[in-house]
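Enquirer: My questions will all concern the structure given below.
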Amino acid sequence: MFCFIPTELKGVISIDGQTFREPTLIDNDNPLDVTGAVHPYFTPRGFVIYEGRLEWTHVFTRDHFFHSNNSWYSLQYGIAWDSEFVNYNLFRFLYNQDCGSWLSVGFDAHRTISNVYKERGSALSHPSAAGSLVMARLPRLVPFQP
Numbered sequence: 239m240f241c242f243i244p245t246e247l248k249g250v251i252s253i254d255g256q257t258f259r260e261p262t263l264i265d266n267d268n269p270l271d272v273t274g275a276v277h278p279y280f281t282p283r284g285f286v287i288y289e290g291r292l293e294w295t296h297v298f299t300r301d302h303f304f305h306s307n308n309s310w311y312s313l314q315y316g317i318a319w320d321s322e323f324v325n326y327n328l329f330r331f332l333y334n335q336d337c338g339s340w341l342s343v344g345f346d347a348h349r350t351i352s353n354v355y356k357e358r359g360s361a362l363s364h365p366s367a368a369g370s371l372v373m374a375r376l377p378r379l380v381p382f383q384p
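Heads up, the sequence shown is in the working numbering, so the first residue is 239 and it goes up one at a time.
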């Protein structure tokens with residue numbers, strides 16, 4: 239972590255690996271048609287993504303203790319390589335608003351830019367996604383101890 243709350247800048251390194259024990263079995267002659275395939279995975283038997291990311295977060299609220307209501311947004315940029323030596327540029331925006339001790343509302347938008355998406359056609363060119371999140375936190379139930 240390079241600086242602290244209310245404006246936080248940190249570097250993150252992550253490794254995400256997926257592996258599959260059995261290959262995809264395709265029943266027809268066209269390898270691009272996975273209709274009826276036993277394991278329709280898009281990856282080879284082992285697939286790893288190595289990512290380095292910078293995250294800048296700004297917290298709006300003045301209370302920074304555990305269980306306080308927080309409101310913040312985060313801008314993130316990452317650069318990644320996979321096990322096929324394909325490069326990715328990752329952009330992300332997150333927003334969170336705690337409405338109470340049990341309810342949070344958030345927004346997440348991200349975009350991935352890579353040459354591999356350009357080569358595969360316009361349908362996959364520059365995938366991006368956005369979504370919202372509503373999370374309810376139930377209070378922790380502590381058993382009664384006489």
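We put the beta carbon where it would ideally sit given N, CA and C, even for glycine.
Indicate the three-state DSSP secondary structure (helix, strand or coil) for N327 in the structure shown.
Expert: strand
Enquirer: Keeping to the same chain, check which residues put their C-beta closer than 6 Å to that of V276; ignore five residues upstream and five downstream.
Expert: L263
Enquirer: Going by alpha carbons, who is nearest to S309 out of R300, F242, L328?
Expert: R300
Enquirer: Rounded to a whole number of angstroms, what is the C-alpha to C-alpha distance between I251 and E289?
Expert: 6 Å
Enquirer: So, at 6 Å on beta carbons, what are the nonlocal neighbours of T245 in its own chain, with the 5 sequence-adjacent residues on each side left out?
Expert: Apart from sequence neighbours up to five positions away, the residues of its chain that approach T245 with a beta-carbon distance below 6 Å are H296, ordered along the chain.
Enquirer: Using C-beta distances below 7 Å, list every residue in its chain close to E293, excluding the 5 sequence neighbours before and after it, in chain order.
Expert: Sequence-distant Cβ neighbours of E293 in its own chain, meaning closer than 7 Å and more than five residues away, are K248, V250, S312, Q314.
Enquirer: Taking only the alpha-carbon atoms, compute the straight-line gap between D385 and R349 and give it to the nearest angstrom.
Expert: The structure shown does not extend to residue 385, since the chain spans only 239 to 384, so no value can be given for it.
Enquirer: How big is the Cα-Cα spacing for V354 and F240?
Expert: 33 Å
Enquirer: Go ahead and label G284 buried or exposed: buried means 16 or more other beta carbons lie within 10 angstroms of its beta carbon, across all protein chains shown.
Expert: It is exposed - the Cβ of G284 has fewer than 16 other Cβ atoms within 10 Å.
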